[in-house]
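Residue numbers for the sequence shown follow our numbering, so the first one is 4 and each next one is one higher.
To start, the structure itself, in structure tokens.
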Amino acid sequence: MKYYEEPLVSVLMNCYNGSRYIKNAIESVILQSYKNWELVIWDNQSTDNSLDIINLYKKKDKRIKCFVSKNHTDLGSGRASAWKHLKGKYLAILDTDDLFKSDKLLKQVTFLEKNKDIGICISNTEFFSSNQKKPLYKSTPPIKEGIKTLIEKYYISLESILLSLDYANSNNIAFDKRYSHIADFDLIVRITLKAKLSYMDEILSAWRVDESSQTWSNQEQFYYELINWTNDQFINKDFFKYKNSLRKLKTKSYLRLISEKILKKEFSEIKRIILKKKNIYLF
């Protein structure tokens, strides 16, 4: 594709005290072989020197934009607030500690431009730390099994996606500020109800395994959000065909929440949860 024919890609980056890795993340966008992008950074009231780093890059490259939250919020609310600033035809998402491979945008945009019926393209991604690297998928993910499996066994890593903002906006789908830990799960599942999901068998991104990141924090909140999400979808007509999958996800979330409480010896909380969820049996 010639430059003037290339659709704009919005890359959304949420930052909260991301100074440790944010230079590498921004550089991985700047070094893309695909050039028609905007990097929309939403800073969530960072207290380190993240904004200083971002502003240095802004001065060098006009494609980089930064918006600062008026108040500190959770990750999901930050992404929801940043949504209105996205101007592209397509959306990629990159956290401050993750990376894009240099051809990610070029390959995924080219694919989506050739396949207009597909709303989300995912790729393989690389999980890495200071001493190891390994791909997320050893074989093709179960896309052909449909939304049922996506709900029950969510298998997508957010940095691997490129999605159509046209599909999302035409169906009034965006990040939901009610969810923080499961905001990406909620977004991808709801878009997949309206548009096709496809897979590129290439490693086009990298996800940093860092237990100090927000992704690893507060697992209990993750399960509470999944339980609330399933409750919301039980009364959503779009999910009518998937009620069995919703029940499975809800029960699994309750059991994992109880496991977390057992580890913390919060037995009064376990009793409260079990009394509330009468159809759970522990063996």
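We put the beta carbon where it would ideally sit given N, CA and C, even for glycine.
In this text the structure is predicted, and so the values were computed from the model without any measurement.
A contact is defined here as three or more CB-CB pairs under 8 Å, and the stretch 11 to 23 meets this definition with respect to the stretch 36 to 48.
Of all alpha-carbon atoms in T152, K136, E223 and A83, the one lying nearest the alpha-carbon of T195 is that of T152. Nearest Cα to K119 within the set K147, L200 and A186: L200. In this structure the stretch 171 to 181 lies against the stretch 78 to 93, because at least three pairs of beta carbons, one per stretch, are closer than 8 Å. In this chain, the beta strand (DSSP E) harbouring I67 covers I67 to V71. Setting aside the 5 residues that flank it on each side, S105 is surrounded in the same chain by L34, Q35 and S36, each with a C-beta closer than 7 Å to its C-beta; the list follows chain order. D51 and S22 do touch by the CB rule: their CB atoms are close to 5 Å apart, below 8 Å.
The count of Cβ pairs closer than 8 Å, one atom from the stretch 129 to 137 and one from the stretch 226 to 234, stays below three, leaving the stretches out of contact. Of the residues K251, L109 and Y226, the one whose Cα lies closest to the Cα of L260 is Y226.
Annotation for V12: Y37, N39, W40, E41, G91, K92, Y93, L94, A95, L108, V112 and L165 place their beta carbon closer than 8 Å to its own, counting only its chain and skipping 5 residues before and after. For a cut-off of 8 Å, the C-beta gap from P145 to Y158 is around 7 Å, short enough to register as a contact. Rounded to the nearest angstrom, the gap between the Cα atoms of K110 and V32 is 14 Å. Under the three-state reduction of DSSP output, R82 falls in the helix class.
By the neighbour-count definition (other C-beta atoms within 10 Å, threshold 16), H75 is an exposed residue. In the three-state DSSP reduction, N17 falls in the strand class (E or B). DSSP places E9 in the coil class of the three-state scheme, outside both helix and strand.
DSSP places F178 in the coil class of the three-state scheme, outside both helix and strand. Counted as a single uninterrupted DSSP element, the beta strand (DSSP E) harbouring K199 occupies residues K199 to R211.
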